[in-house]
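Count the sequence shown with my numbering and you get residues 3 to 285, in order. A short write-up of the structure that comes next.
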Amino acid sequence: DVYKAAGYDNSGTVLFTGYFESSLEGSMKKSERYKYPVYRTPDDIVTVNLGKFSKKYQNEKIIGRLKNGEVIPYYTRYDIDRAGLLRGKNFELIWVNDPVDLFFMHIQGSGKIKFPDGKFIQVSFDQSNGHPYRSIGKCLVEKGKLSDSEMTHQALKKYLREHPDELSDVFNHNESYIFFRIVENGPVGALGLTLTAGRSIATDLNLFPRGALAIIRLRKPVIDERGSIKAWESFSRFVLNQDTGGVIKGPGRVDLFCGSGANAEAVAGSLKEKGELYFLVKK
Numbered sequence: 003d004v005y006k007a008a009g010y011d012n013s014g015t016v017l018f019t020g021y022f023e024s025s026l027e028g029s030m031k032k033s034e035r036y037k038y039p040v041y042r043t044p045d046d047i048v049t050v051n052l053g054k055f056s057k058k059y060q061n062e063k064i065i066g067r068l069k070n071g072e073v074i075p076y077y078t079r080y081d082i083d084r085a086g087l088l089r090g091k092n093f094e095l096i097w098v099n100d101p102v103d104l105f106f107m108h109i110q111g112s113g114k115i116k117f118p119d120g121k122f123i124q125v126s127f128d129q130s131n132g133h134p135y136r137s138i139g140k141c142l143v144e145k146g147k148l149s150d151s152e153m154t155h156q157a158l159k160k161y162l163r164e165h166p167d168e169l170s171d172v173f174n175h176n177e178s179y180i181f182f183r184i185v186e187n188g189p190v191g192a193l194g195l196t197l198t199a200g201r202s203i204a205t206d207l208n209l210f211p212r213g214a215l216a217i218i219r220l221r222k223p224v225i226d227e228r229g230s231i232k233a234w235e236s237f238s239r240f241v242l243n244q245d246t247g248g249v250i251k252g253p254g255r256v257d258l259f260c261g262s263g264a265n266a267e268a269v270a271g272s273l274k275e276k277g278e279l280y281f282l283v284k285k
């Protein structure tokens, strides 16, 4: 049986965005060059499955920490990065050289980190601090720093690199924080399986069947050798529902995994297209 997603308008319109595996340079030891920590999940983080307490909270959970016998919200991005409340507690997994790329690795949920000797390791999402994601792009538009029409992933990165004195304040607008783990093969999706570029999608797994075969129809950008969009083309393909995301909620949102590298980043950063989503469900 083939089912068409209701979409965000109940008429089948789905908003497609893209995500990618970040590429960074890093080291297992802190130095003047590699001074930005990638944290593993702290030992004091607590996850409470509210569905175990009442059916009306089915599929809902809270993430926090224990204090005086009470679960309270976990540390925010400000608490972790500026106030340093996790610093020196042996939660540092790796050290990287670029705070901008590190921030976007938090957004994307996975990364490939190259060491000085040329070797690579991959890290993938392990846990979040439980705070909701807040868009720094939207924040900059509201403050008049960038216009809505020019807001793209590339424009946002360019602004951040040109205004290093604003990084801390801009980043801390997004209180959500991601903790990582090292994986053998990655990136790893919500089902614990390695994602495939162009063939793995992230949806709201509370609504759509996990691992199911689906068909997507939308437009995608064609990227030239300079990383710019030279055209848009319509396409449809079979995909597998293998992942989810903090802002991928409801029947009208899909995130397409675009792969790793500069081209994948350019495609993912440009993708914000209306399309259609169909699931093939065994009778």
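Glycine is no exception: its CB is placed at the ideal position from the N, C-alpha and C atoms.
Where does Y80 sit, in a helix, a strand or coil, going by DSSP? helix
Is Q244 helix, strand or coil when you go by DSSP? strand
Alpha carbon to alpha carbon, how far is G14 from A8? 4 angstroms
Provide the residue span of the beta strand (DSSP E) that contains P39, from first to last. Y38 to Y41
How big is the Cα-Cα spacing for G2 and D150? The question about residue 2 has no answer, for the chain in this structure spans 3 to 285.
Could you pull out every residue in the same chain whose Cβ sits closer than 7 angstroms to the Cβ of M153, ignoring the five residues on either side in sequence? G139 and V143
Would you mind reading off the limits of the beta strand (DSSP E) that contains V249? Run containing V249: none; DSSP gives neither H nor E here.
For P118, count neighbouring Cβ atoms within 10 angstroms of its own Cβ and tell me buried if that reaches 16, exposed if not. exposed
My parser needs the alpha helix (DSSP H) runs of 4 or more residues fully inside the region 142-213; what are they? 155-164 and 169-174
Counterpart residues of I109 in DSSP-defined beta bridges: In the DSSP output, where bridge partners are listed per residue, I109 has none listed.
Mind checking whether P75 and G86 have CB atoms under 7 angstroms apart? no
Closest to S191 by CA distance: which of G261, L282 and V73 is it? For clarity, residue 191 is Gly in the given sequence; the question names Ser instead. For the residues G261, L282 and V73, the minimum Cα distance to G191 belongs to G261.
Tell me whether the beta-carbon of V185 lies closer than 7 angstroms to the beta-carbon of Q110. no
Taking the C-alpha atoms as reference points, what is the distance between N12 and I225? 32 angstroms
If the criterion is Cβ atoms closer than 7 angstroms, does the pair I218 and S272 meet it? no
Can you tell me which of D46, E72 and I250 puts its alpha carbon nearest to the alpha carbon of L209? I250
Own chain residues within Cβ distance below 8 angstroms of N61, not counting five before or after: G53 and N208
Compare the beta carbon distance of V48 and Y280 with 7 angstroms and say whether it is the shorter of the two. no
Identify whether S272 lies in helix, strand or coil by the three-state DSSP scheme. helix
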